[in-house]
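K.L.:
First, the structure itself, so that you have it in front of you.
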Amino acid sequence: MRIGQAALAAFVAFASPALAADDPVYADMKAADLGQGADLNGAVASPADNPWNTDISGEPVDPRSDAIIASIGLDTGIHPDFGSGTYQGGILGIPYFVVGKKQADVKIKFRAYGDQSDKGPYPIPRKADVEGERPKGGSFGGDRHVLVIEKAANRLYELYRAFPREDGGWNADSGAIFHLDSNDVRPTAKPGWTSADAAGLPIFPGLARYEEASAGLVPHALRFTVSRSRRAYVPPATHWASSDEDPDLPPMGMRVRLKAGYDVPKSFSRETKAILKALKTYGMFVADNGSDWYLSGAPHKGWRNGRLASELRQVTGRDFEVVRMQGLVTP
25 MRIGQAALAA FVAFASPALA ADDPVYADMK AADLGQGADL NGAVASPADN PWNTDISGEP
85 VDPRSDAIIA SIGLDTGIHP DFGSGTYQGG ILGIPYFVVG KKQADVKIKF RAYGDQSDKG
145 PYPIPRKADV EGERPKGGSF GGDRHVLVIE KAANRLYELY RAFPREDGGW NADSGAIFHL
205 DSNDVRPTAK PGWTSADAAG LPIFPGLARY EEASAGLVPH ALRFTVSRSR RAYVPPATHW
265 ASSDEDPDLP PMGMRVRLKA GYDVPKSFSR ETKAILKALK TYGMFVADNG SDWYLSGAPH
325 KGWRNGRLAS ELRQVTGRDF EVVRMQGLVT P
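For the sequence shown, our numbering assigns the number 25 to the initial residue and increments by one for each residue that follows.
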């Protein structure tokens with residue numbers, strides 16, 4: 025399935041007249057390269073009409089938008105939680121690995137949320153990078169996500185708090201298997217289930233990736249974190265991660281978008297412009313508890329950390345609005 029012509033035309037006018045109208049290909053990962061952080065060569069996770077890939081620039085604003093945005097931080101700027109190289113010795117961003125048909129399946133032993141996890145097996149190679157991993161060695165903590173795409177099968181395998189075992193398998197607190205070629209994204213999921221992410225969402229579709237941003241086109245929504253969330257969720261999320269029922273706090277799965285009137289500075293880099301255009305067109309989902317306005321992405325040597333952080337921090341909470349929430353699930 026191909027990107028809608030109207031949406032693509034807006035991207036092309038904004039970013040690059042050289043982009044071809046059929047560059048992004050939805051719901052088919054077969055064109056992807058193999059390996060750690062591999063290029064997807066235009067492949068985009070999930071069908072074009074999936075919530076991650078839906079143009080919401082014209083959707084109504086939620087009635088509680090002002091209060092919710094204020095709870096996250098009006099004057100706090102976006103922070104890229106990704107980049108090139110390392111931060112405090114650890115990989116900067118959430119890595120992913122693309123495998124082919126020959127990748128062996130391994131068993132996963134779940135320790136915390138096994139009753140909400142897909143049992144597998146999972147085709148996760150021992151050499152797959154773990155979020156926060158220290159290339160020079162040493163112990164590390166954090167969420168320790170592992171993301172693997174099986175390109176021929178159009179499947180996404182994600183683990184939370186993953187630890188490799190000597191037998192080639194992995195231990196993890198939770199895990200989920202997502203169908204990237206269908207809007208029945210996780211057929212096994214039930215209301216209230218988590219995934220490798222607090223919101224029960226897949227992580228990979230919401231990552232800012234250098235391959236897309238450097239081409240001037242990010243044709244999907246992104247993922248961000250907040251420090252305080254509500255005990256509620258909005259589809260496509262399936263899980264909350266809070267005991268606070270304050271209606272002015274963001275629920276998991278809530279989507280915000282950059283206001284149409286925000287004037288992107290012409291001096292901004294091509295990568296930042298592409299990210300901000302995506303935030304106007306597709307927005308970003310509340311996916312986890314963490315630092316406010318932290319935007320997720322995959323590591324890549326091409327990111328210019330200083331410039332990216334400097335530009336994005338100029339875009340603050342008051343530049344966003346909450347897209348009207350429908351189907352809010354509460355206790």
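Ideal placement from N, C-alpha and C gives every residue a C-beta, glycine not left out.
Confirm, please, whether the CB-CB distance from V122 to I173 is below 8 Å.
P.N.:
Here residue 173 corresponds to residue number 149 of the sequence shown, with the count starting at 1. Here residue 122 corresponds to residue number 98 of the sequence shown, with the count starting at 1. Taking 8 Å as the Cβ cut-off, I173 and V122 qualify as a contacting pair.
K.L.:
Can you tell me which of A67, N329, G199, P188 puts its alpha carbon nearest to the alpha carbon of L241?
P.N.:
Locating residue 241 in the sequence shown gives position 217, where the first residue counts as 1. When only C-alpha atoms are compared, the closest one is A67.
K.L.:
Leaving out five residues before and five after A265 in sequence, what residues of the same chain have Cβ atoms less than 8 Å from its Cβ?
P.N.:
By 1-based counting over the sequence shown, the position of residue 265 is 241. Cβ within range, chain order: T218, A222, A223, S253, M276, D312, N313.
K.L.:
Apart from the five residues just before and just after A284, which ones in its own chain have a Cβ nearer than 7 Å to its Cβ?
P.N.:
Taking the sequence shown and counting its residues from 1, the one referred to as residue 284 is at position 260. Only S81, K304 meet the Cβ criterion.
K.L.:
Short of 6 Å in beta carbon distance, which residues of its chain neighbour N178, apart from the five on each side in sequence? Order them along the chain.
P.N.:
The residue given as residue 178 occupies position 154 in the sequence shown. Correct list, in chain order: M53, L204, D205.
K.L.:
With C-beta atoms as the reference, is L319 less than 8 Å away from H103?
P.N.:
If you number the sequence shown from 1, residue 319 lands on position 295. If you number the sequence shown from 1, residue 103 lands on position 79. Going by C-beta atoms, L319 is nearer than 8 Å to H103.
K.L.:
Identify which residue in A239, L246, F187, G351 has its Cα closest to the Cα of F228.
P.N.:
Reading the sequence shown from its first residue, position 204 is the one you call residue 228. Residue L246 is the option with its Cα nearest to F228.
K.L.:
Kindly list the residues whose CB is nearer than 8 Å to the CB of R342, restricted to its own chain and excluding five residues on each side of it in sequence; keep chain order.
P.N.:
As a working mapping, residue 342 is identified with position 318 in the sequence shown. Excluding positions up to five away in sequence, the list reads I93, L98, D99.
K.L.:
At a cut-off of 7 Å, would you count A94 as near the ligand MG, judging by its Cβ distance to the nearest heavy atom?
P.N.:
Ligands are entirely absent from the displayed structure, and the ligand MG is therefore not among its contents.
K.L.:
What residue range does the beta strand (DSSP E) around D105 cover?
P.N.:
Translated into the one-based positions of the sequence shown, residue 105 becomes position 81. Per DSSP, D105 belongs to the beta strand (DSSP E) from 103–105.
K.L.:
Name the DSSP beta bridge partners of T249, please?
P.N.:
Reading the sequence shown from its first residue, position 225 is the one you call residue 249. Note: T249 sits in a beta bridge opposite D312, Y318.
K.L.:
Look at the alpha carbon of A51 and the alpha carbon of G59, and state the distance between them as a whole number of angstroms.
P.N.:
Within the sequence shown, the letter at position 27 stands for residue 51. Within the sequence shown, the letter at position 35 stands for residue 59. For A51 and G59, the distance between alpha carbons rounds to 19 Å.
K.L.:
In the structure shown, what three-state DSSP assignment does E83 receive?
P.N.:
Residue numbering aside, residue 83 sits at position 59 when the sequence shown is read from its first letter. Of the three classes helix, strand and coil, the one that applies to E83 here is coil, per DSSP.
K.L.:
Let me make sure I understand the geometry here. Which of K160, A136, V288, D86 has the alpha-carbon closest to that of T356?
P.N.:
Missing from the structure shown is residue 356; the chain here goes from 25 to 355 and no further.
K.L.:
Assuming the contact rule is C-beta atoms closer than 8 Å, A322 and R233 should be a hit. Round their C-beta distance to whole Å, please.
P.N.:
Within the sequence shown, the letter at position 298 stands for residue 322. Within the sequence shown, the letter at position 209 stands for residue 233. Rounded, the Cβ-Cβ distance is 5 Å, consistent with contact.
K.L.:
Between the C-alpha atoms of M308 and R279, what's the straight-line distance to the nearest angstrom?
P.N.:
Sequence index remark: in the sequence shown, residue 308 carries index 284 (1-based). Sequence index remark: in the sequence shown, residue 279 carries index 255 (1-based). So the alpha carbons of these two residues sit roughly 5 Å apart.
K.L.:
Would you tell me roughly how many angstroms separate the C-alpha atoms of E364 and A91, rounded to the nearest one?
P.N.:
What the structure shows of the chain is the stretch from 25 to 355, and residue 364 is not part of that stretch, so it cannot be assessed.
K.L.:
Sorted by chain position, which residues of the same chain lie with C-beta nearer than 6 Å to N207's C-beta, five sequence neighbours on each side aside?
P.N.:
Numbered from its first residue, the sequence shown carries residue 207 at position 183. Closer than 6 Å at the Cβ level, and outside the excluded window around N207, lie P71, N74.
K.L.:
From the DSSP output, read off the bridge partner residues of Q60.
P.N.:
For the purposes of this step, residue 60 is taken as the residue at position 36 of the sequence shown. Paired residue(s): F121.
K.L.:
Terminal residues of the continuous beta strand (DSSP E) containing A196?
P.N.:
Translated into the one-based positions of the sequence shown, residue 196 becomes position 172. Counting along the chain, the beta strand (DSSP E) containing A196 begins and ends at 194–196.
K.L.:
My assumption, with CB atoms under 8 Å, is that S334 sits in contact with R294. Please give the rounded CB distance.
P.N.:
Translated into the one-based positions of the sequence shown, residue 334 becomes position 310. Translated into the one-based positions of the sequence shown, residue 294 becomes position 270. Incorrect: roughly 15 Å between the Cβ atoms, too far for contact.
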